[in-house]
Structures are given as C-alpha cells and as structure tokens.
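K.L.:
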Amino acid sequence: MTLPRRSWAEPFKIKAVEPLRITTREEREVCIREAGYNTFLLKSKDVYIDLLTDSGTSAMSARQWAALMMGDEAYAGSESFYEMADTIKEYYGYEHVIPTHQGRGAEHLLSQALIKKGDAVPGNMYFTTTRLHQEIAGGIFVDVIVDEAHDPENLFPFKGNIDLAKLEKVVKEYGAKKVAYVSFEGNVNMAGGQPASMQNFREVYEYCKERGIPVMLDATRLIENAYFIKIRERGYENKTIKEILKEICSYSDGCTMSSKKDHLVNIGGFLAVNDDELARKTRELVVVYEGLHTYGGMAGRDMLALAQGIREAVDFDHIRARIGQVEYLGEKLIEHGIPIVRPIGGHAIYLNARKFLPHLDQEELPAQALAAELYLESGVRAMERGIVSSGRAKDGSNYKPKLELVRLTIPRRVYTQAHMDVVWESIVSLWERRDTIKGLRFVYEPQNLRFFLARFEPVEAKVPAGRAV
Ligand SMILES: *Cc1c(COP(=O)(O)O)cnc(C)c1O
C-alpha cells in the first residue's frame, strides 16, 4: 500500500525555540481595548500566533546566524557590502546596488530621483508605502492592474498582470515623457499575493522600452512570483527559480527591494538599477537619508545575512514549502466554506470581510473589526487590508477599495502545521458566530499610513436583517 503523500513538509529541523504565551479571553479583552481595536498596537507578548506580517519576521538559518559573526563593520567600503552587492548582481542581474535600511528607503530614493511634479506613475495595484513616496515626490499613481485582480473569486492564475490597454491609456493621456516609470510589483501584496506572468513582464517591458519609459520592479516578493511562474506558466517547468528570477529582472531597468520578505532577514533592503546616471543620483540621496552608499542603514552583519538569505530563498524546496504552508491553511478554510481571496496567494491568506460580515457597511470597517475579533477569539493576530489601509484621497474622501480583506500573513520558517490548524479552527468558530460581530469607527485617525497608529471603538450592533431580536 502506498501512503498518501503530503505535497510538502518543512525542509528544515528546528535548532532554537522561542516559547509562546497563551492568554485567556479576559486578558485579550483588556489588550484589544487598550490597543484601540488596532492589531498593530497590540504588544507582541500578548499575541499567541502572530500573522500580522511576513515582514522581518522570518526565522534565520544557522548559516545566516553564523554570517552575523563575520560582518565587516567598517564605516566605508565594508567587505560585507561588496559580498551583498555581488550576490544581488548574480541573482537579480542589476549593475548597481544602493543599500537602504528597508524597502521604503529604496522607494523614497527612487521616487525622488525619477518623479517630477505631475508625472503619472502607473502601477499594478498600489502598495501603501510605495504610493505614498510616489505622491510625496509629486507623482500621480494610476492603477493599471488587470480587472481580475479586483475580484476576490476570480481564479485567473496571473492576477498580478498589468493590463496593457490600461497602461496605453495612461501613456496617451499624459504623454510618454510625463510617465515617470512603470512601478511593477511581483506577487502583488494588496491583490492577495498574486503573481504576474513572464509573458506580461516581457510585454510590458517591450512596450515601455519603445517609448523610453523605465520599468522599475517592486521585487519584494519576486522569488515567490518566480515559483508561481515555474508551476503555472508553460515553458518554465524545467527552469530553476534562479533562472526565472533573473529572466524577470532582465525585463526591467531596476528594482526596489524589501529584503524583510523574500530574503529571510529581519531588516534590510536596497535599490538596484542599471543606469549609471540614476545610480549616481540615488547614491547622492542615500548618503542624506539612509547612510553611506556602502551600508545604507544596515550593519555589515545585516548585509551578510541578507546575501545568505538570497541563496536560501531561491532554493526550490524552501519556496515550495513556504508557499505549500500558505496553501495548506487556505485549503482548510475553503473546505469549511470560509470566503477567502482565490487563487491562494504566496505569502498570505486573505479573508473576504465583505462576505464574512455582509451586515456591515464598508464605512463600519468590516476588515478592521474582523481582525480585532479574531484576536479576541484565539490570540491570533492578523491585519486589515481594506478601507482603513487605503487611506484618504487628496480631497479628503476615503479611498473605497473593492477589496475589503483581513490578511493572515505567514512568516517564513517560523510556524508549524499544528499552528496553522489552530488558525483555521479559530476562524471557523468566528464564522459560526459571524452575525454577532460589530463594526468599528475611528476615534483617532493619523494623516499618513493611518492603519499603523489609528484607534477605534465598536459601533453599536444593528440587528441583522431577517433576524428576531
Ligand atoms: C513591505 C513592502 C514594501 C515596503 O518595504 P519595507 O521594508 O516595509 O519598508 C514595499 N512593497 C511591498 C510590496 C511590500 O510588501
């Protein structure tokens, strides 16, 4: 008899452990109230399973910890910088590397260097920090992602693709000279961790090249995108993740990178570009905002751990297990009828809060309310990705995104399958009492990136339609 085989198992064994604290419901009631119903304001010690983000929360390998001891902490010309830059060149292919403390540091430099006031910056769905830096530099973000990305149930395999007709419309409207660059994100975070196809990367680049418009990748989760190309796109099944990654980057002029995601480190990032003049310009900026151009806000040891992280991140067994764990959780939820964004993405499961809490209006912040309730239920911490994260337009009105989601983000190499079981079981019990969940309203609203520091309070429950009191 052959036993059914799991499609993945963690390709590592555990060397160091960190205890988790299980809290009572009474304790959590106090914690969430003190946090203003914002999971960003909870203390980590009060969280049982932390799915707030996959950013900087990965477990490093023994080799990465060893690399920390080898860092060259010279202020200028650190050997660790050159090793990191060479590794980035080997795997991503770009000529120049400008180190930054994390992804938004790179976004800042790139936006300041390339965007002039009134320029359009087309992109495949916004990301919070990316769009903000583009706007601070005077740019106008225009969403050119395919329509499928806005439909949480559409099973299109490449929901991260750019719609060339939408891009063409922006270019016609502004003129190619007023398009600063195309901001092309791999495995689009806000769409649910959805990849773009190699064909799309290639076509967008060819279109832009003819018109002299640079293509800048947000490479934060490009390795996860490369995995999806390998398993979904014809012609790539026998290529390595490394080969696919390099081919994607060959269809661009540079990238910004938050290494806190794909690269399995707790801090770090960079801007990488091919153009000498752009490199010179951004190096001048990096010394103002981040640090010298050979460390950019990272310690020497951070840069070595980052280089080692790149080598581990492109390993097929690693990436298959990483995405396999996300799929495991997603499939359990689908089995139990929970509305989630599909296809299951690379780094997270997204609960569709509109469908989970149909009795709440979008202005009652359903995704924020659901994230708070999940914490109360089981100590699992997730985050809102809906109307709160979207913020307000220049005219003061709320952006109203079609997607109103709760993101359960899986840190890399941190939790086991048993933890995933706790997570889906607690979501199923929330689902069973979903019509008891109340909405929230702002009591404090910061001006920028409001989701980080905002505070809320519950709004009194309306009686769900068709239900006796
Ligand atoms: C996290 C992230 C960033 C910003 O990077 P930080 O390291 O958090 O500054 C940019 N783009 C995407 C898609 C991200 O997920």
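My numbering applies: residue 19 is where the sequence shown begins, and numbers increase by one. Even for Gly, the Cβ is constructed at its ideal location relative to N, Cα and C. All values reported here derive from a predicted model rather than from experimental measurement.
1. Per DSSP, which residues does Val406 bridge with? Please list them.
2. Would you kindly check if the distance between the Cβ of Lys264 and the Cβ of Gly74 is under 7 angstroms?
3. Relative to the C-alpha of Ala84, which residue among Asp320, Phe470 and Gly230 is closest?
4. Measuring from the CB of Arg473, is there a heavy atom of ligand 1 at a distance below 6 angstroms?
5. Beta carbon of Asn207: closer than 6 angstroms to some heavy atom of ligand 1?
6. Identify, in the order they occur along the chain, each residue of the same chain with its Cβ nearer than 6 angstroms to the Cβ of Ile40, setting aside the five sequence neighbours on each side.
7. I'd like to confirm something about Thr238: is its beta-carbon nearer than 6 angstroms to some heavy atom of ligand 2, or not?
8. Is it the case that the CB of Gly287 approaches a heavy atom of ligand 1 more closely than 6 angstroms?
9. Distance check for Val398 and Lys33, CA to CA, integer angstroms please.
10. Spatial neighbours of Gln217 within its chain, please: C-beta separation below 8 angstroms, excluding the five flanking residues on both sides.
11. Which partner residues does Gln212 have in the DSSP bridge list?
12. Quick one: what does DSSP say Arg468 is sitting in, helix, strand or coil?
13. Rounded to a whole number of angstroms, what is the C-alpha to C-alpha distance between Asn179 and Ser201?
14. So, with DSSP's three-state summary, where would you put Thr300?
15. Quick check on His311: buried or exposed, where buried means 16 or more other Cβ atoms within 10 Å of its Cβ?
16. Work out the CA separation of Tyr393 and Pro357 for me, nearest whole Å.
17. For the beta strand (DSSP E) holding Tyr233, just list the boundary residues, first then last.
18. Going by DSSP, which residues form a beta bridge with Val291?
19. By Cβ distance below 6 angstroms, which residues in the same chain neighbour Val139 in space, the five residues on each side in sequence not counted?
20. What's the gap between the Cα of Gly211 and the Cα of Asn205?
21. Let me make sure I understand the geometry here. Which of Leu375, Glu382 and Leu421 has the alpha-carbon closest to that of Arg451?
22. Going by C-alpha distance, which of Glu171, Asn172 and Leu132 is nearest Ala155?
23. Roughly how many whole angstroms lie between the Cα atoms of Gly141 and Lys177?
24. For Thr57, which three-state DSSP category applies?
25. Which stretch, first to last residue, makes up the beta strand (DSSP E) that contains Asp333?
26. To which residues of the same chain is Asn384 closer than 6 angstroms at the C-beta, ignoring the five residues directly before and after it?
27. Given that a residue counts as buried once 16 or more other Cβ atoms are within 10 Å of its Cβ, and exposed if not, what is Val189?
28. May I ask you to report which of helix, strand or coil DSSP gives Val139?
P.N.:
A quick look at the data gives this:
1. Answer is none; Val406 lacks a bridge partner.
2. Taking 7 angstroms as the Cβ cut-off, Gly74 and Lys264 do not qualify as a contacting pair.
3. For the options Asp320, Phe470 and Gly230, the alpha carbon positioned closest to that of Ala84 is the one of Asp320.
4. For ligand 1, no non-hydrogen atom lies closer than 6 angstroms to the CB of Arg473.
5. It does: the Cβ of Asn207 is within 6 angstroms (strictly closer) of some heavy atom of ligand 1.
6. Only Tyr66 meet the Cβ criterion.
7. Only ligand 1 can be found as ligands here, which leaves ligand 2 out of the picture.
8. Yes.
9. If I take the Cα positions, the gap works out to 24 angstroms.
10. Close CB contacts of Gln217 within its chain, under the 8 angstroms cut and outside five residues either way in sequence, are with Glu251 (chain order).
11. According to DSSP, Gln212 bridges with Val206.
12. Helix.
13. Rounded to whole angstroms, Asn179 and Ser201 show a C-alpha spacing of 12 angstroms.
14. Thr300 falls in the helix class under three-state DSSP.
15. It is buried - the Cβ of His311 has at least 16 other Cβ atoms within 10 Å.
16. Answer to the nearest angstrom: the Cα atoms are 18 angstroms apart.
17. Tyr is not the amino acid found at residue 233; the sequence shown has Val there. Val233 to Asp236 is the span of the beta strand (DSSP E), which, as asked, contains Val233.
18. Beta-bridge annotation (DSSP): Val291 is paired with His114 and Gly272.
19. So the qualifying residues of the chain are Gln152, Gly157, Phe159, Ala198 and Ser201.
20. Their Cα atoms are separated by approximately 5 angstroms.
21. When each option's Cα is compared against that of Arg451, the closest is Leu375.
22. For Ala155, the nearest C-alpha among the options comes from Leu132.
23. Linking Gly141 to Lys177 through their CA atoms gives a straight-line distance of about 13 angstroms.
24. In this structure, Thr57 counts as helix in the three-state DSSP scheme.
25. Unbroken run through Asp333: none, as it is neither H nor E.
26. Residue identity check: residue 384 is Pro in the sequence provided, not Asn. Within the same chain, Pro384 has close Cβ partners Ala371, Leu375, Leu378 and Glu422.
27. It is buried - the Cβ of Val189 has at least 16 other Cβ atoms within 10 Å.
28. Strand.
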